[in-house]
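Each residue of the sequence shown is one higher than the last, beginning at 2 in my numbering. Scroll down for the structure; my scribbles are underneath it.
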Amino acid sequence: MKTILPMMSLLLVLALSPVQAGLLYLSPSSQHVNVGELVSIDVLVSGLSDNDEIVAGWDIQLLFSGLILQANNLEFALSNYTFDPDWDAIYDSELQASSVNSFMTSFLLDDELFDLQTGPVLLFTLTFEALTDGFSWVTFGADPNFERNVVGRDGLSLPLNVQGACISVGQGNCVTSIPEPASISLFAGLLLMPWFRKRISRR
Numbered sequence: 002m003k004t005i006l007p008m009m010s011l012l013l014v015l016a017l018s019p020v021q022a023g024l025l026y027l028s029p030s031s032q033h034v035n036v037g038e039l040v041s042i043d044v045l046v047s048g049l050s051d052n053d054e055i056v057a058g059w060d061i062q063l064l065f066s067g068l069i070l071q072a073n074n075l076e077f078a079l080s081n082y083t084f085d086p087d088w089d090a091i092y093d094s095e096l097q098a099s100s101v102n103s104f105m106t107s108f109l110l111d112d113e114l115f116d117l118q119t120g121p122v123l124l125f126t127l128t129f130e131a132l133t134d135g136f137s138w139v140t141f142g143a144d145p146n147f148e149r150n151v152v153g154r155d156g157l158s159l160p161l162n163v164q165g166a167c168i169s170v171g172q173g174n175c176v177t178s179i180p181e182p183a184s185i186s187l188f189a190g191l192l193l194m195p196w197f198r199k200r201i202s203r204r
């Protein structure tokens, strides 16, 4: 009975965890440029059509090293969200030394947005200037409500996985894997830790 309880607890955690609707990610995931060159990265959402979902808006923060990169332009992919950019949506962005904030809300009906959005949905494209040798992660902010919040049908936030990217400049090199948010395995490990401690202490 004692050995069954931890597994039942793990299954309960998995059952109560939200089903992921798709992936919020940066593309390409890794690239290299020379000092002084411009480099662009796309922010996309994939895996929505399988769940009959859409992107109706977002509030996203991207973080990067201001010593290596300087953000100099953000271009919204408005054809995915509006018929007329002056009437069908509100959107804005703020470029800072080591972060970029972006938000958009479409006023179109959910079914109208579904017809506009096919395959991976491009949110916006961000362009950097490469300042000096080195590399920089480009990652999403940690707050799911204000820094990586993507809204779908009925104004509900989508439970998305997220994936960042790496940009290397000049002599720099992206030598480690791209960091990902904490996964369910971390929570499962924490849940099972007391059980493992008890078993070790009995030996």
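Note that the Cβ used here is the ideal one computed from N, Cα and C, for glycine as well.
Taking residue i and residue j to be in contact with their CB atoms under 8 Å, please state how far apart those CB atoms are, rounded to whole angstroms.
i, j, result
"A90", "S107", "5 Å"
"R149", "G142", "6 Å"
"D222", "S66", "For residue 222 there is no data in the structure shown, the boundaries of the chain being 2 and 204."
"S169", "H33", "5 Å"
Out of the options, state which residue places its alpha-carbon closest to the alpha-carbon of residue i.
i, options, result
"L25", "D144, L117, V163", "V163"
"D53", "E113, T126, N174", "E113"
"W138", "T119, Q118, N174, L75", "N174"
"D127", "A72, Y92, L159", "Here residue 127 is Leu; the residue named in the question, Asp, does not match the sequence. Minimum Cα distance to L127 is reached at A72."
"L75", "G165, T83, V176, E130", "E130"
"V101", "F84, D60, L39, P160", "D60"
"E95", "Q118, L64, Y82, L68", "L64"
"L161", "M105, G37, I55", "I55"
"V122", "L39, G37, E38, V46", "V46"
"T83", "A98, Q97, S99, M105", "M105"
"R154", "Q118, G37, A98", "Q118"
Please report the straight-line C-alpha distance between residue i and residue j, rounded to a whole angstrom.
i, j, result
"L124", "L70", "21 Å"
"G58", "G135", "34 Å"
"S80", "Q62", "21 Å"
"C167", "D116", "33 Å"
"L110", "V152", "13 Å"
"W88", "S31", "36 Å"
"D51", "G23", "9 Å"
"Q172", "N35", "8 Å"
"S41", "T140", "14 Å"
"G165", "D85", "31 Å"
"G120", "F77", "17 Å"
"L132", "L68", "7 Å"
"G207", "S99", "Coverage of the chain is limited to positions 2 through 204, which leaves residue 207 absent and any answer about it impossible."
"V176", "P145", "28 Å"
Is DSSP giving residue i helix, strand or coil here?
i, result
"N73", "strand"
"F115", "helix"
"G173", "coil"
"H33", "strand"
"D60", "strand"
"N81", "helix"
"S99", "coil"
"D43", "strand"
"G23", "strand"
"D87", "coil"
"D144", "coil"
"S107", "strand"
"F197", "Unreliable placement is indicated for F197, whose pLDDT of 42 sits below 50; no coordinate value is reported for it."
For residue i, which residues does DSSP report across the bridge?
i, result
"I55", "Paired residue(s): none; I55 is not in a bridge."
"A166", "V139"
"L123", "L45"
"R149", "I61"
"E130", "L39, Q71"
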